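Comments concern the structure below.
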Amino acid sequence: MNVFFFTTIIRRTFCSRLRRIMRGYRFLKKNGQLGLLVAVQNELVDTRLDKISHNASKFFLGAGAVQADLIIRQYLFSRSDG
């Protein structure tokens, strides 16, 4: 395989992600709702996911199934960081 092919795919993926982020940022800025990002992150940190804790799959989470609520919230928070 050609290395150029892979670098092109990676570059396109990065640029596409950056375009989506900037499009959302411009939309929120235009509507005066930049504080919405922080509010959503705070809600994500504070909201308990009780139904997930009871039905967590030990196949996917292993020994962490007991703390599925915390694991999922931390994952979503890290993904929302940018």
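Heads up, the sequence shown is in this note's numbering, so the first residue is 130 and it goes up one at a time. Even glycine gets a Cβ: it sits at the ideal position worked out from N, Cα and C. Just so it is clear, the structure is predicted and the values come from calculations on it, not from any experiment.
Cβ neighbour criterion (16 or more within 10 Å) applied to residue i
i           : result
residue 197 : buried
residue 246 : The chain is shown only over 130 to 211; residue 246 falls outside these bounds and no answer can be derived.
residue 185 : buried
Helix, strand or coil at residue i according to DSSP, with G and I counted as helix
i           : result
residue 207 : helix
residue 191 : helix
residue 199 : helix
Limits of the unbroken alpha helix (DSSP H) element including residue i
i           : result
residue 147 : 132-159
residue 171 : 164-175
Own chain residues within Cβ distance below 7 Å of residue i, not counting five before or after
i           : result
residue 155 : none
Hey, is the stretch 159-178 in contact with the stretch 189-207, meaning 3+ C-beta pairs nearer than 8 Å? yes
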